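Quick note: the sequence shown uses our numbering, first residue 1, plus one each step. Take a look at the structure below.
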Amino acid sequence: VSRAGIPVPKLYLLPDGYPRLLVVGRGGQGGAAVAVSTGLLTAANPSELEGLLAHEIALIRRRDVMVQTAAALLSSAIVELSRIGGFARNAFLVILGPIGASLTHLLLSPRRTLTADRDAARLCDSPHGLADALLRLEAAQGMVAFAASPATEPLYAISPFAPDRLSAMFST
Numbered sequence: 001v002s003r004a005g006i007p008v009p010k011l012y013l014l015p016d017g018y019p020r021l022l023v024v025g026r027g028g029q030g031g032a033a034v035a036v037s038t039g040l041l042t043a044a045n046p047s048e049l050e051g052l053l054a055h056e057i058a059l060i061r062r063r064d065v066m067v068q069t070a071a072a073l074l075s076s077a078i079v080e081l082s083r084i085g086g087f088a089r090n091a092f093l094v095i096l097g098p099i100g101a102s103l104t105h106l107l108l109s110p111r112r113t114l115t116a117d118r119d120a121a122r123l124c125d126s127p128h129g130l131a132d133a134l135l136r137l138e139a140a141q142g143m144v145a146f147a148a149s150p151a152t153e154p155l156y157a158i159s160p161f162a163p164d165r166l167s168a169m170f171s172t
């Protein structure tokens with residue numbers, strides 16, 4: 001955190017076996033929080049955890065965390081709004097799902113993630129921890145039960161969602 005030149009974010013431990021790490025908040029000058037699951041702490045070795053945390057710190061430093069948070073909240077709200085449709089639920093989802101996905105793609109780009117990856121490698125003096133962690137997370141994702149809204153897909157390093165039409169729309 002000191003190498004990144006940002007205030008120390010709040011740290012939360014998620015009592016969850018699924019390996020996840022996420023950051024929310026405003027970023028930059030404070031107001032950010034990092035949440036780490038117990039599943040990630042047991043799945044990743046120290047250099048992998050360092051690489052993953054450095055990626056999240058890079059998102060905070062560049063204030064990308066604020067954009068990610070807004071995109072996930074807007075997309076989730078739009079998808080959840082479709083659930084009030086009762087018998088017309090699927091029709092609402094067909095209309096509102098693409099709107100939420102379009103917002104996600106408009107606000108989030110692969111360039112942001114790649115820039116955060118590059119910055120994380122600089123913070124750690126090596127890209128290997130992050131690269132190894134992504135490989136490990138991809139291999140481990142099917143071993144633990146997972147449940148969340150597909151609109152939150154951009155918040156995960158490795159998409160935990162089974163390939164279906166709704167989650168494919170939000171894939172970045």
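A virtual CB, placed ideally from N, CA and C, is assigned to each residue, including glycine. Here the structure is a predicted model, which is why all the values come from computation and not from measurement.
Beta-carbon proximity of residue i to residue j, cut-off 7 angstroms
i           : j          : result
residue 59  : residue 65 : yes
residue 39  : residue 33 : no
residue 140 : residue 54 : no
residue 78  : residue 51 : no
residue 74  : residue 82 : no
Secondary structure of residue i, DSSP reduced to three states
i           : result
residue 37  : strand
residue 4   : coil
residue 140 : helix
residue 32  : strand
Cα-Cα separation between residue i and residue j, rounded to whole angstroms
i          : j           : result
residue 49 : residue 128 : 11 angstroms
residue 72 : residue 125 : 30 angstroms
residue 18 : residue 135 : 15 angstroms
residue 15 : residue 22  : 14 angstroms
residue 3  : residue 123 : 7 angstroms
Residue environment, residue i, which counts as buried when at least 16 other CB atoms sit within 10 Å
i           : result
residue 20  : buried
residue 7   : exposed
residue 178 : Residue 178 lies beyond the stretch modelled for the chain, which goes from 1 to 172, so this question has no answer here.
Residue span of the beta strand (DSSP E) that contains residue i, given as start and end
i          : result
residue 25 : 21-25
residue 12 : 10-14
Near the ligand GTP: residue i beta-carbon under 6 angstroms from a heavy atom
i          : result
residue 20 : Of the ligands one can find in the structure shown there are none, so the ligand GTP has no counterpart to examine.
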